[in-house]
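What follows is one structure encoded as structure tokens, with my remarks underneath.
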Amino acid sequence: MPKPRDILLRLLLFVPVFSIAQHFENNFEIDQNQSFWLNATIVSDSTAYQGDAYSLTAENQEFGFGFQLDSREILNSHHSIDFKITAWIRFDQPAEKAFYILTINRDEQLLLWHAFDLTAGYTTANEWFYFSDSLSLPADLLQNSNLKTYLWNPSKINIAADQLSHSFSRASIPDYLPENIDFSESEGIPKVLAQNKYFELLFFPETGSLLVADHRGKAITKSWSVYTALQGENKLKVSRSQRWKLRRIKQKGVEKTIVLVTRNALSRSKIQFNFNWESPQLEVSMQSRFRGKGQLERQALVIGFEDSLSRVFRKNRLIDSVNFQNAYYLDQQGFLTGQNRRAAGIYPATKLSSLQYSQRINAAFLNLD
Numbered sequence: 000m001p002k003p004r005d006i007l008l009r010l011l012l013f014v015p016v017f018s019i020a021q022h023f024e025n026n027f028e029i030d031q032n033q034s035f036w037l038n039a040t041i042v043s044d045s046t047a048y049q050g051d052a053y054s055l056t057a058e059n060q061e062f063g064f065g066f067q068l069d070s071r072e073i074l075n076s077h078h079s080i081d082f083k084i085t086a087w088i089r090f091d092q093p094a095e096k097a098f099y100i101l102t103i104n105r106d107e108q109l110l111l112w113h114a115f116d117l118t119a120g121y122t123t124a125n126e127w128f129y130f131s132d133s134l135s136l137p138a139d140l141l142q143n144s145n146l147k148t149y150l151w152n153p154s155k156i157n158i159a160a161d162q163l164s165h166s167f168s169r170a171s172i173p174d175y176l177p178e179n180i181d182f183s184e185s186e187g188i189p190k191v192l193a194q195n196k197y198f199e200l201l202f203f204p205e206t207g208s209l210l211v212a213d214h215r216g217k218a219i220t221k222s223w224s225v226y227t228a229l230q231g232e233n234k235l236k237v238s239r240s241q242r243w244k245l246r247r248i249k250q251k252g253v254e255k256t257i258v259l260v261t262r263n264a265l266s267r268s269k270i271q272f273n274f275n276w277e278s279p280q281l282e283v284s285m286q287s288r289f290r291g292k293g294q295l296e297r298q299a300l301v302i303g304f305e306d307s308l309s310r311v312f313r314k315n316r317l318i319d320s321v322n323f324q325n326a327y328y329l330d331q332q333g334f335l336t337g338q339n340r341r342a343a344g345i346y347p348a349t350k351l352s353s354l355q356y357s358q359r360i361n362a363a364f365l366n367l368d
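Going by numbering that gives the first Met the number 0, the residue at position 163 of the sequence shown is 162; the numbering climbs one at a time, nothing skipped.
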């Protein structure tokens, strides 16, 4: 049986987006921008794939044409980027090795070296074949760095290239979350479990809903829930609970401790809130025990938000405030939703497997697994 898990986090409350792809093309017909394209030996004859010219890396050349770009010239480089190369390639003979290399350097330090295998699409000598490949580039590698590509010809054959294209587009990050996550409606008259000039913690006895509201009682979060997934012998078992029961409230001076419990078919969880009358911070801890046999796949506290994402605190002091990713894996970092006195977020989240935020469902998964 899986062991109990607990978490500690802090919920803080405080007084349209376009993604554009960049394309760089070289048909070797006219002079290209030399700040981007490098070292192309151009041949003009009727054997070009298209037009009258192509690039030739001769058998006595180990390295051929290339491309370079400062990361600051890449749109959305503060996000992860998908790089794609396409070209028409021709070998004069079979080759064991032929590569197109991509490197990223920062302050003369090599951060990434990747080889695209040009031989994968080869079929017949002296016939053009289409080559296409891609690579996702993490955002942290693209900060104040230099990207460079070049052809590597270790087999020392004649390699022709035409209609070369490089493209950069913002990466679409999978969130690995359930397709459908619904949040129960909060009905009836709420019980105010905690209240100060920053926020209210509300419990609805009629529906068992638990949520955080602003200082005027308007919901900031949706009903909190616990999501459990256990891998059994034959299938994945999934269960979710949104109905809470109030166990106790203890107050001492300006501090208050509130304990609630919830259970689903696979787990029983206890959540504790530590509240201070003078603080905009709500400290939360949770402990879970599991029912049944199987391997724990996911145990998460799920918090949906009413307002849109407004800021993401990432590692290395990076902050996103525009052009948000569709999903974030934040580890020990955090985020904010809303603005002004409705701004709320989670930071930091300790004792977690990960903190995951999805714009698709406007919710955070605080993963214990």
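Ideal Cβ positions, reconstructed from N, Cα and C, are used throughout, including at glycine.
Helix, strand or coil: how does DSSP classify Asp-161 here?
Along the sequence shown, one-based indexing puts residue 161 at 162. Of the three classes helix, strand and coil, the one that applies to Asp-161 here is strand, per DSSP.
Burial state of Val-321, where buried means 16 or more other Cβ atoms lie within 10 Å
Counted from its first residue, the sequence shown places residue 321 at position 322. When all chains shown are included, Val-321 counts as exposed.
Give the DSSP-derived three-state secondary structure of Gly-63 in the structure shown.
By one-based count along the sequence shown, residue 63 stands at place 64. Residue state, collapsed to three classes: strand.
Within 8 Å: the Cβ of Phe-64 and any heavy atom of the ligand SAH?
Of the ligands one can find in the structure shown there are none, so the ligand SAH has no counterpart to examine.
Return helix, strand or coil for Ser-70, following the three-state DSSP convention.
In the sequence shown, the residue the question calls residue 70 occupies position 71. Correct three-state label for Ser-70: helix.
Straight-line Cα distance separating Gln-332 from Asn-366
As a first step, residue 366 must be located in the sequence shown, where it is residue number 367. As a first step, residue 332 must be located in the sequence shown, where it is residue number 333. One C-alpha to the other measures close to 13 Å.
Local Cβ density within 10 Å of Pro-189, reported as buried at 16 or more and exposed below that
Counted from its first residue, the sequence shown places residue 189 at position 190. The residue is buried, with at least 16 neighbouring Cβ atoms inside 10 Å.
In whole angstroms, what is the alpha-carbon distance linking Ser-185 and Val-301?
Translated into the one-based positions of the sequence shown, residue 185 becomes position 186. Translated into the one-based positions of the sequence shown, residue 301 becomes position 302. Between Ser-185 and Val-301, the C-alpha separation is close to 16 Å.
Does the Cβ of Glu-305 have 16 or more other Cβ atoms within 10 Å, making it buried, or fewer, making it exposed?
Indexing the sequence shown from 1 puts residue 305 at position 306. Buried, because 16 or more other Cβ atoms sit within 10 Å of the Cβ of Glu-305.
Considering only their Cβ atoms, is the gap separating Ser-309 from Ala-348 smaller than 9 Å?
In the sequence shown, the residue the question calls residue 348 occupies position 349. In the sequence shown, the residue the question calls residue 309 occupies position 310. No, Cβ-Cβ distance for Ala-348 and Ser-309 is not below 9 Å.
Does the beta-carbon distance from Gln-67 to Leu-37 come in below 9 Å?
The sequence position of residue 67 within the sequence shown is 68, counting from 1. The sequence position of residue 37 within the sequence shown is 38, counting from 1. Result yes, Cβ atoms of Gln-67 and Leu-37 sit closer than 9 Å.
The beta strand (DSSP E) that contains His-78, what's its start and end?
As a first step, residue 78 must be located in the sequence shown, where it is residue number 79. First-last for His-78: undefined, no H or E at that position.
What residues in its chain sit with their C-beta under 6 Å from that of Ser-18, if we drop five residues either side in the sequence?
Position 19 of the sequence shown, counted from the first residue, corresponds to residue 18. Unreliable positioning characterises Ser-18 in this predicted model, as indicated by a pLDDT of 41, which lies under 50. A coordinate reading is not provided.
Closest to Gln-250 by C-alpha separation, out of Arg-267, Asn-273 and Arg-239, would be which residue?
Taking the first residue of the sequence shown as 1, we reach residue 250 at position 251. Closest by alpha carbon: Asn-273.
I need the DSSP call for Arg-341, collapsed to helix, strand or coil.
Start at 1 with the first residue of the sequence shown, and residue 341 comes out as number 342. The answer is helix: DSSP assigns Arg-341 an H, G or I state.
At what residues does the beta strand (DSSP E) containing Asp-91 begin and finish?
Residue 91 sits at position 92 when you count from the first residue of the sequence shown. Taken as a continuous stretch (DSSP letters only), Asp-91 belongs to no beta strand (DSSP E), as it is neither H nor E.
Is it the case that the stretch 284-291 contacts the stretch 134-151, given that we only count it when at least three CB pairs across the two stretches are under 8 Å?
no
Round the Cβ separation of Asn-195 and Trp-276 to the nearest angstrom and send it over; I've been treating them as touching at under 8 Å.
By 1-based counting over the sequence shown, the position of residue 195 is 196. By 1-based counting over the sequence shown, the position of residue 276 is 277. Going by Cβ atoms, the distance from Asn-195 to Trp-276 rounds to 5 Å, so yes, they are a contact pair.
Less than 9 Å between the C-beta atoms of Leu-259 and Pro-204, yes or no?
The sequence position of residue 259 within the sequence shown is 260, counting from 1. The sequence position of residue 204 within the sequence shown is 205, counting from 1. Not a contact, by the Cβ cut-off of 9 Å.
Is the beta carbon of Leu-117 less than 9 Å from the beta carbon of Ile-158?
Taking the first residue of the sequence shown as position 1, residue 117 is located at position 118. Taking the first residue of the sequence shown as position 1, residue 158 is located at position 159. Yes; because the gap between Cβ atoms is below 9 Å, this pair is in contact.
Go ahead and label Arg-313 buried or exposed: buried means 16 or more other beta carbons lie within 10 angstroms of its beta carbon, across all protein chains shown.
As a working mapping, residue 313 is identified with position 314 in the sequence shown. Buried, since its Cβ has 16 or more Cβ neighbours within 10 Å.
Whose CA, out of Ile-270, Thr-40 and Tyr-53, lies closest to the CA of Leu-209?
Working through the sequence shown from its first residue, we reach residue 209 at position 210. Checked all of Ile-270, Thr-40 and Tyr-53; the closest Cα to Leu-209 is Ile-270.
Is Asp-161 near Ile-84, with beta carbons less than 9 Å apart?
For the purposes of this step, residue 161 is taken as the residue at position 162 of the sequence shown. For the purposes of this step, residue 84 is taken as the residue at position 85 of the sequence shown. No; because the gap between Cβ atoms is not below 9 Å, this pair is not in contact.
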